[in-house]
Every structure is written in structure tokens, then in C-alpha cells.
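S.K.:
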Amino acid sequence: MDPVDGKFEDIERRRRSRRLFRHSKIPVRMLVPNFFTLLSLCAGVTAIRMAIEQRYEIAVFLVVAAALLDGVDGRLARALKAQSKFGAELDSLADFVNFGVAPAILIYTWGLGGMRGFGWVAALLFACCMGLRLARFNSMLDVDKPKWQSNFFTGIPAPAGAIVVMLPFYLDALGLADVRAFPFLVSLYTLAMAFMLVSTIPTYSGKLLGERIRREWVLPIFAGVALLIGMLITYPYATLASVVVAYLLLIPLSYRRFQDKLKADVAAHSPLMDSTSGAGTPVVQSVPGAAYVPPTETKH
Numbered sequence: 005m006d007p008v009d010g011k012f013e014d015i016e017r018r019r020r021s022r023r024l025f026r027h028s029k030i031p032v033r034m035l036v037p038n039f040f041t042l043l044s045l046c047a048g049v050t051a052i053r054m055a056i057e058q059r060y061e062i063a064v065f066l067v068v069a070a071a072l073l074d075g076v077d078g079r080l081a082r083a084l085k086a087q088s089k090f091g092a093e094l095d096s097l098a099d100f101v102n103f104g105v106a107p108a109i110l111i112y113t114w115g116l117g118g119m120r121g122f123g124w125v126a127a128l129l130f131a132c133c134m135g136l137r138l139a140r141f142n143s144m145l146d147v148d149k150p151k152w153q154s155n156f157f158t159g160i161p162a163p164a165g166a167i168v169v170m171l172p173f174y175l176d177a178l179g180l181a182d183v184r185a186f187p188f189l190v191s192l193y194t195l196a197m198a199f200m201l202v203s204t205i206p207t208y209s210g211k212l213l214g215e216r217i218r219r220e221w222v223l224p225i226f227a228g229v230a231l232l233i234g235m236l237i238t239y240p241y242a243t244l245a246s247v248v249v250a251y252l253l254l255i256p257l258s259y260r261r262f263q264d265k266l267k268a269d270v271a272a273h274s275p276l277m278d279s280t281s282g283a284g285t286p287v288v289q290s291v292p293g294a295a296y297v298p299p300t301e302t303k304h
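Here this note's numbering is used: the first residue of the sequence shown is 5, the next is one more, and so on.
#1: With 16 other CB atoms within 10 Å as the buried threshold, where does Ala-272 fall?
#2: Helix, strand or coil, according to DSSP, for Pro-206 in the structure here?
#3: Could you check the C-alpha separation between Leu-138 and Val-249 for me, to the nearest Å?
#4: Return helix, strand or coil for Phe-318, following the three-state DSSP convention.
#5: Thinking C-beta only, is Met-54 closer than 8 Å to Ala-47?
#6: What is the residue span of the alpha helix (DSSP H) that Phe-40 lies within?
#7: Can you name, in chain order, every residue of its own chain whose Cβ lies under 7 Å from the Cβ of Val-36, other than the five neighbours on each side?
#8: Apart from the five residues on each side of it in sequence, which residues of its chain come closer than 7 Å, Cβ to Cβ, to Tyr-241?
#9: Asp-74: buried (16+ other C-beta within 10 angstroms of its C-beta) or exposed?
#10: Tell me the residue span of the alpha helix (DSSP H) that contains Phe-141.
#11: Cβ of Phe-50 within 8 Å of Cβ of Leu-94?
#12: For the 8 Å Cβ check, are there 3 or more pairs between the segment 155 to 169 and the segment 103 to 111?
#13: How far does the alpha helix (DSSP H) with Thr-243 in it reach, from first residue to last?
#14: Can you name the start and end residues of the beta strand (DSSP E) that Phe-157 belongs to?
#15: What are the start and end residues of the alpha helix (DSSP H) that includes Phe-65?
#16: Please report the straight-line C-alpha distance between Leu-257 and Leu-136, rounded to a whole angstrom.
#17: Below 8 Å on the Cβ atoms is my guess for Ile-205 versus Gly-234; work out the distance and round it to an integer in Å.
#18: Is the beta carbon of Asn-142 closer than 8 Å to that of Ser-209?
#19: Once the 5 residues before and after Gly-123 are set aside, which same chain residues still bring their CB inside 7 Å of it?
#20: Report back the beta-carbon spacing between Ala-131 and Ala-108 to the nearest angstrom; my notes put them in contact at under 8 Å.
#21: Measuring only the C-alpha atoms, how far is Val-222 from Leu-231?
#22: Does the distance between the C-beta of Ala-166 and the nearest non-hydrogen atom of the ligand FMN fall short of 7 Å?
#23: Residues in the same chain with beta-carbon distance under 8 Å from Leu-66, minus the five sequence neighbours each way, listed in chain order, please.
#24: Using only the alpha-carbon positions, how far apart do Met-34 and Leu-189 sit?
#25: Just to confirm my understanding: we take Leu-45, look at its own chain, exclude 5 residues before and 5 after, and list those with CB closer than 7 Å. What are they?
If you want it as C-alpha cells, here you go:
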């Protein structure tokens, strides 16, 4: 047997033989984040049912609700110090259903069913890319990286990908255009979003902004959240379409910001002294493969 294969088999055997919970009694706080994850999973599975029954408005609402709950469970787990391997595995499985399967079925039954083969391929590829993205995330949990890279995702994160891929439905619901009359364009858009899921394009996350908030910004942030919720309830499709378009326009800016920070990081850790300069001025040279670790999301 190959020594490397034997090592991996031994690690997998020990992982599977490890007890799920080490203690006979589990603190209730350890279970609370998983309740939110299960609630989001229920929303995602119900969205699949609503899409099959062609009740698309409810399906979209449930996917958005699952995305909001996904943002709550991880932060709640960190706040309660209730992170666990069980919670991380459950969260990844729920994300695949909520943000991979549910939007794919919704888009296919709504606008791609008439294309049959090609439309199904686009929806299928989106779901598969979501699964690949989550697998990449799980494999990079232990990768060390500079703290500033926590402010960026690798590609579009799973909840954002689910909301972004439904943009054609928002536009059609607004009556701006008969988007369903152009299923080929909808398929191309779905394929483009699938590519963004597995790409290494850095997208801004803003996670580091949540560590500390200046006191004078607390009330404006509360007012902004209330405004967003009010707009989402009153004008759901216009709000979702505006948020999606703004997010897509932000991607080139986040890529530029990431590259600037990466260059600064390389310059800080790899200075080379210019021998021709009498003052010993540091000269920054690019080092292939240095200081770049693809950023990943942080789950509980």
C-alpha cells in the first residue's frame, strides 16, 4: 500500500471513530446555532417544493430567508462560543440544498424548462459548482492566511450566489422586460454565476468591519437595516434587483482592492535591498506564489 494512502486512511479511520459529542451532557448554547441551520434547511427544502408547484414568489422568499438565517447561525455560534465540527458539517450540507439545489430548480422550472437539454445543463452546472465551492471551503478550513484576507471571499459566497443567480426572475417580476422570452440568455447568465462560484476572484465580504463599530455609527446602521427591511417587504423585487446589480458592480472594485493589499503584503514581507543604491532602498520584486492564500469564508 502506498504510504501516503495509508496515512490518509488512518486519519479518516480515526475521524470516523471519534465521538460526535465528547461529554454526556451538552450545553444548550451548543445547540442553538444548529436550530437556526435546521430552520434554514427547512426553508430551502420548502423552496424546492414551491418551485415545483410554480409558486415562485414564495420560493424566492424562502431562499432569501435561508440566506439570512445562514448569516445568523455562524455569527451566533461564534458569539456563544458554540463552534463544533458537527455544526460546520450540517451548515455545509444545508448550504448545498438551500443555495445550490433550490435556486437551480427554481430557475429551471421558471425560465429554462422550455430549453430542456441546455437549460437543464445550466441549472445542473450551477448546483454542481455550488457543491464544489463548499468542498473547497471545507478543505481550506485549516489554511493559515493574513488577517486582512478574511475581509475577502474566494469567488461569490454561497448565499450571495443563490440570490444573484435569480436576477432574471426579479427583472421579469418587475415587468421591465419579458425575460422568460430569452431562455438562452438566462442560461448563459446562470452559467456565468456558476463560474463565479468556483473562481478564485476575490469578492469583498466586510467581515472585519463587524469586529468594532464606532459609537456614532450605531444608530445610522440600525436605521439603514430598518430601511433595507422595509424596502424588501414593500418593494421586494426592486430591492433585490438593486442589491444584486450593486453587488456585481462591486466585484471589480474588490478585486482591485485585494490586489493592492496583496502587493503591499508582498512588499512588507519580501523586501530586497538594492545594491546599486547607496542608501539601501528596499526594492520590491514579485516572488512567484508568495503571500497568496485564497481567502475563504468562516463558518461555525
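Ideal placement from N, C-alpha and C gives every residue a C-beta, glycine not left out.
M.R.: Based on what the coordinates show:
#1: Position 268 of the sequence shown, counted from the first residue, corresponds to residue 272. Ala-272 is exposed by the Cβ-count criterion.
#2: The residue you call residue 206 lines up with position 202 of the sequence shown. Of the three classes helix, strand and coil, the one that applies to Pro-206 here is strand, per DSSP.
#3: Position 134 of the sequence shown holds residue 138. Position 245 of the sequence shown holds residue 249. Computed Cα separation, rounded: 24 Å.
#4: A question about residue 318 goes unanswered here, because the residues of the chain that appear run from 5 up to 304.
#5: Here the question's residue 47 lines up with position 43 in the sequence shown. Here the question's residue 54 lines up with position 50 in the sequence shown. Going by C-beta atoms, Ala-47 is not nearer than 8 Å to Met-54.
#6: As a first step, residue 40 must be located in the sequence shown, where it is residue number 36. From DSSP, the alpha helix (DSSP H) with Phe-40 extends over 36 to 56.
#7: Taking the first residue of the sequence shown as 1, we reach residue 36 at position 32. Cβ neighbours of Val-36 beyond the five flanking positions: Leu-80, Leu-84, Ala-86.
#8: The residue given as residue 241 occupies position 237 in the sequence shown. The answer, listed in chain order, is Tyr-174, Ala-177, Leu-178.
#9: The residue you call residue 74 lines up with position 70 of the sequence shown. In this structure Asp-74 is buried. Its beta-carbon is surrounded by 16 or more other beta-carbon atoms within 10 angstroms.
#10: The residue labelled residue 141 in the question sits at position 137 within the sequence shown. Note, Phe-141: alpha helix (DSSP H), 121 to 143.
#11: Working through the sequence shown from its first residue, we reach residue 50 at position 46. Working through the sequence shown from its first residue, we reach residue 94 at position 90. Note on residue identity: the sequence assigns Thr, not Phe, to residue 50. No, these two residues do not count as a Cβ contact at 8 Å.
#12: yes
#13: Here the question's residue 243 lines up with position 239 in the sequence shown. Where Thr-243 is concerned, the enclosing alpha helix (DSSP H) starts and stops at 240 to 273.
#14: Along the sequence shown, read from residue 1 onward, the residue named residue 157 stands at position 153. Taken as a continuous stretch (DSSP letters only), the beta strand (DSSP E) holding Phe-157 covers 156 to 158.
#15: Residue mapping note: residue 65 aligns to position 61 of the sequence shown, counting from 1. Start and end: 60 to 83.
#16: Along the sequence shown, one-based indexing puts residue 257 at 253. Along the sequence shown, one-based indexing puts residue 136 at 132. Cα to Cα, Leu-257 sits roughly 25 Å from Leu-136.
#17: On the sequence shown, residue 205 is found 201 positions in, with the first residue counted as 1. On the sequence shown, residue 234 is found 230 positions in, with the first residue counted as 1. Not confirmed; about 32 Å, so no contact.
#18: Taking the sequence shown and counting its residues from 1, the one referred to as residue 209 is at position 205. Taking the sequence shown and counting its residues from 1, the one referred to as residue 142 is at position 138. Cβ atoms of Ser-209 and Asn-142: not closer than 8 Å.
#19: Position 119 of the sequence shown holds residue 123. Same-chain partners within the cutoff: Tyr-112, Leu-116, Gly-117, Pro-187, Ser-191.
#20: Within the sequence shown, the letter at position 127 stands for residue 131. Within the sequence shown, the letter at position 104 stands for residue 108. Ala-131 to Ala-108, Cβ: 4 Å. Contact.
#21: On the sequence shown, residue 222 is found 218 positions in, with the first residue counted as 1. On the sequence shown, residue 231 is found 227 positions in, with the first residue counted as 1. Using only the alpha carbons, I get a separation of about 14 Å.
#22: Of the ligands one can find in the structure shown there are none, so the ligand FMN has no counterpart to examine.
#23: The residue you call residue 66 lines up with position 62 of the sequence shown. Counting only Cβ-Cβ distances below 8 Å, and skipping sequence neighbours, we find Ala-47, Gly-48, Thr-50, Ala-51, Met-54, Ala-106.
#24: In the sequence shown, the residue the question calls residue 34 occupies position 30. In the sequence shown, the residue the question calls residue 189 occupies position 185. Each residue's Cα considered, the two are about 45 Å apart.
#25: Position 41 of the sequence shown, counting from 1, holds the residue named residue 45. Once the five neighbours on either side are set aside, the close Cβ partners of Leu-45 are Ala-98, Val-101, Asn-102.
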